[in-house]
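Residue numbers are given in numbering that gives the first Met the number 0: position 212 of the sequence shown equals residue 211, and the series is strictly consecutive. As C-alpha cells, the structure follows; a few thoughts come after it.
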Amino acid sequence: MHPETSDTVTPWNLFRFRWKISQKAFRKNYDPSILPRETYLLYEIKWSYGRRPWQRWFCSTSREHVEMYFLNDVHEKLKNNPSAHCTITCYMSWSPCGYCCEDIMDFLWEWPNVNLVIYVARLYWHQNKFNRQGLRNLESFGVPIKVMNLPDYSYCWRTLVNNENSSEEDYWPMYLAPWIMLYSLELQTILQLECGASFFPGPEWSWREGSPAVPSPWDPHSSC
Numbered sequence: 000m001h002p003e004t005s006d007t008v009t010p011w012n013l014f015r016f017r018w019k020i021s022q023k024a025f026r027k028n029y030d031p032s033i034l035p036r037e038t039y040l041l042y043e044i045k046w047s048y049g050r051r052p053w054q055r056w057f058c059s060t061s062r063e064h065v066e067m068y069f070l071n072d073v074h075e076k077l078k079n080n081p082s083a084h085c086t087i088t089c090y091m092s093w094s095p096c097g098y099c100c101e102d103i104m105d106f107l108w109e110w111p112n113v114n115l116v117i118y119v120a121r122l123y124w125h126q127n128k129f130n131r132q133g134l135r136n137l138e139s140f141g142v143p144i145k146v147m148n149l150p151d152y153s154y155c156w157r158t159l160v161n162n163e164n165s166s167e168e169d170y171w172p173m174y175l176a177p178w179i180m181l182y183s184l185e186l187q188t189i190l191q192l193e194c195g196a197s198f199f200p201g202p203e204w205s206w207r208e209g210s211p212a213v214p215s216p217w218d219p220h221s222s223c
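Written out as C-alpha cells, the structure reads:
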C-alpha cells in the first residue's frame, strides 16, 4: 500500500503530510452511515519519555487485513527500542474481526510495555458470535474499545488528516450523532450485558483453538 499525498504538497512539507490520510478517504471511510468495503486504520504512538508522537495510517488489501499492516509496522518501530513504554491510539473505520482480536492479543503479550486504545467508526458484522466474543476478549485483555464520538472525529481531522489545502480547520458532522449513539449502544451491549460470556485466557492458551470460520457476503477488511 502506498500512502496518499496531495499533488500540491511542497518538498518542504512532504514529510509532514505523507503519512496523513486524504480528506476524501477520511470522509468516505469514517462516516458510519456509509458501509465501505475496505477498512482504514489511523494510529498515533505517544512515548512515555517525551519523544515526538509517531503517526501513520493503513488500508486493508485483498491480501491482508489492515490490522496486520498495523501490527507489523508497530513491531518494526518498537524493536528499535524494546524497553520503551508507549500508548498507541487507533482510529479504525471498522471494528476488528474475531481473528484480528486474537492477533492483537498475541502482539500485546509480546509487547507488555504497550498500552493500546481502539476507537471505531462502526462495528464489523457485529451479529456474529465469534466477532462479538473477540471484542469481549480484547476488552477483558485490557484494551479499551470505544465508538468514535464527535471530538474524536475533530481530533483526527486536525491531527491525522491532510488539511494543507483546506479552509476547514475542524470537522463536526452533527448528522453523525444518531449513528454514533446506535453503535455505542450496540458496543455497550456486546461488552457489558454479555460480559458473563467473557474469559481471560492465560499466555499458554492458543488464541485460535476452536475458532470457527466466519462466513461473510463481503469482507470490508479484505480489499482496498
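Glycine included, each C-beta is placed from N, C-alpha and C at the ideal position. Given the structure is predicted, the values throughout are model-derived calculations rather than measurements.
Asked: Residue environment, G133, which counts as buried when at least 16 other CB atoms sit within 10 Å; Found: buried
Asked: Short Cβ contact (8 Å threshold) for I87 with V113; Found: yes
Asked: The beta strand (DSSP E) enclosing E43, as first and last residue numbers; Found: 39-46
Asked: Opposing strand residues paired with W56 [DSSP bridges]; Found: L41
Asked: Limits of the beta strand (DSSP E) - the one that Y118 falls within; Found: 113-119
Asked: Inter-residue spacing [alpha-carbon to alpha-carbon] between C155 and I117; Found: 13 Å
Asked: Burial state of T38, where buried means 16 or more other Cβ atoms lie within 10 Å; Found: buried
Asked: Between the CA atoms of N161 and E138 - distance to the nearest angstrom; Found: 31 Å
Asked: Secondary structure of V65, DSSP reduced to three states; Found: helix
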